[in-house]
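Since the structure comes first, as structure tokens, the remarks are kept for the end.
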Amino acid sequence: MTYAVRYQQKSKTLKVLSIAGVALTLGLVGCSNSEQTDASGSAATETQDIELLNVSYDVARDFYKDYNPLFVEHYKAENPNSNILIKQSHGGSSKQALSVANGLQADVATMNQGSDIELLEKKGLVESDWESKFPDNAVPFTSTIVFLVRKGNPKGINDWEDLTKDGLEIVMANPKVTGNGRYAFLGAYGYGLHAFNQDETKAKGYVKDMLKNVKVYENGGRAATMTFVQRGIGDVLVTFENEANLAATDFGAGQVDIVYPKYSIKSESPVAIVKSVTDKKGTTDAAKAYLDYLWSEPAQQLAADLYLRPSVQSVLDKNGDKLPPVETFRPNDAFGSWDDIMGTYFSDGGVFDQLAINAPQ
């Protein structure tokens, strides 16, 4: 055999081995579980890579931005052979719920009103007993509706009745598509019922007068805050307590003040596992651990630090200086189930549309 022939055969052999090596490498890169080896070359325990998607409402982004690293550290300590990555999606609560209902592959839903989780339950994406899966009916923290005003409160806004003053301009989220806006509307309506001894006609009259002063309906709670603080539109922003405090202490510091009404609505932020997704992905246990940890002391204190009201009473009591007592009512106690609320007040042609001038669609 000539040297040239031997060289060609050797080259073909090396080429085949090279291709096989590349294929093996690509196969290893594509694995979600990686097998590590120790110094002697024997196989060690496999590591597992887990990815969760939390689909949440607009103004919760600040809480979960800080909560996720806390949870990842906790989970890694409990599961040293797992690597977990948390991804976020934020927007108007009901729009987010619709996205999940229409196929967005959320592992967990963390919303700001029960109707958004109930929608996912009706679609068969969330278990029917989701409220019993976690403490406090699956509500790790609450908030309430307050008023953000210009520094020094030049318009003299002290309570709900002041929102009907002539010439006042109000900014709020759109009740047709956001939980923030719905709680603001229901807070005003609940105040009217409270102030006028449950007289529906007078309560509606008050709310109609208030809504005449709405200058802007924004598509999310954070968008409403930006319109008020950064664009300088309006005299008062009607929003969640935690969002108002964030504006007052961060991007609107020195420009705004917070006014607490004497009587306001309690907003609840329920959470649930999207079991139809997690069962398919194999992430149910990790998703449950993610939501369970919301009731831990570090997570509850983080909620308080961001002006959310912890559901764990001992943590709430420790933070009374930043979360002053407010007389609140639950929307379900005043207006019925969320199905009733959505049908009566926020459906096309419902009470909101009847009372609002230029009601947003």
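In my numbering, the protein residues as written are 135 to 495.
Here a beta-carbon is modelled for each residue, glycine too, at the ideal position from N, C-alpha and C.
Secondary structure at residue i, three-state DSSP: helix, strand or coil?
{"i": "residue 468", "result": "helix"}
{"i": "residue 395", "result": "coil"}
{"i": "residue 251", "result": "helix"}
{"i": "residue 230", "result": "helix"}
{"i": "residue 174", "result": "Note that residue 174 has pLDDT 46, beneath the 50 cutoff, so the model's placement of it is unreliable and no number is given."}
{"i": "residue 190", "result": "strand"}
{"i": "residue 242", "result": "strand"}
{"i": "residue 352", "result": "strand"}
{"i": "residue 475", "result": "helix"}
{"i": "residue 259", "result": "coil"}
{"i": "residue 488", "result": "helix"}
{"i": "residue 293", "result": "coil"}
{"i": "residue 482", "result": "coil"}
{"i": "residue 494", "result": "coil"}
{"i": "residue 181", "result": "strand"}
What residue range does the alpha helix (DSSP H) around residue i cover?
{"i": "residue 360", "result": "355-363"}
{"i": "residue 371", "result": "No alpha helix (DSSP H) holds residue 371; the beta strand (DSSP E) holding it covers 370-374."}
{"i": "residue 196", "result": "195-212"}
{"i": "residue 343", "result": "334-345"}
{"i": "residue 269", "result": "269-272"}
With residue i and residue j assumed to form a contact (beta carbons below 8 Å), what rounded beta-carbon distance in angstroms separates them?
{"i": "residue 294", "j": "residue 406", "result": "Going by Cβ atoms, the distance from residue 294 to residue 406 rounds to 32 Å, so no, they are not a contact pair."}
{"i": "residue 253", "j": "residue 235", "result": "6 Å"}
{"i": "residue 230", "j": "residue 201", "result": "In fact, because the Cβ distance is near 17 Å, the residues do not count as touching under 8 Å."}
{"i": "residue 193", "j": "residue 314", "result": "7 Å"}
{"i": "residue 433", "j": "residue 186", "result": "That pair is no contact at about 15 Å."}
{"i": "residue 245", "j": "residue 227", "result": "5 Å"}
{"i": "residue 311", "j": "residue 375", "result": "With a Cβ gap of about 21 Å, residue 311 and residue 375 do not count as contacting."}
{"i": "residue 318", "j": "residue 309", "result": "7 Å"}
Keeping to the same chain, check which residues put their C-beta closer than 8 Å to that of residue i; ignore five residues upstream and five downstream.
{"i": "residue 305", "result": "348, 349, 350, 352, 358, 361, 362, 367, 368, 370, 371 and 372"}
{"i": "residue 430", "result": "208"}
{"i": "residue 426", "result": "268"}
How would you write the range of the beta strand (DSSP E) that residue i sits in, first residue to last?
{"i": "residue 217", "result": "216-225"}
{"i": "residue 113", "result": "An answer regarding residue 113 cannot be provided, because it is not within the stretch 135 to 495 covered by the chain."}
{"i": "residue 461", "result": "461-463"}
Which residues in the same chain have their Cβ closer than 6 Å to the Cβ of residue i, if we skip the five residues on either side of it in sequence?
{"i": "residue 461", "result": "397"}
{"i": "residue 479", "result": "485 and 486"}
{"i": "residue 270", "result": "445"}
{"i": "residue 409", "result": "261"}
{"i": "residue 330", "result": "336 and 337"}
{"i": "residue 195", "result": "224"}
{"i": "residue 428", "result": "274"}
If you drop the 5 nearest sequence neighbours on each side, which residues of the same chain put their C-beta closer than 7 Å to that of residue i?
{"i": "residue 423", "result": "209"}
{"i": "residue 491", "result": "345 and 346"}
{"i": "residue 303", "result": "347, 349, 368 and 369"}
{"i": "residue 443", "result": "275, 276, 277, 450 and 457"}
{"i": "residue 273", "result": "402, 403, 404 and 445"}
{"i": "residue 292", "result": "393"}
{"i": "residue 379", "result": "392 and 441"}
{"i": "residue 342", "result": "489"}
Any beta carbon from chain B within less than 8 Å of residue i's own beta carbon?
{"i": "residue 364", "result": "The structure shown contains no chain B; it holds only a single protein chain."}
Return the chain-ordered ranges of every beta strand (DSSP E) run that is complete within the stretch 376-456 and spans a minimum of 3 residues.
390-393, 397-402 and 405-407
Whole beta strand (DSSP E) runs in the stretch 299-328 with 3 or more residues, listed along the chain?
304-307
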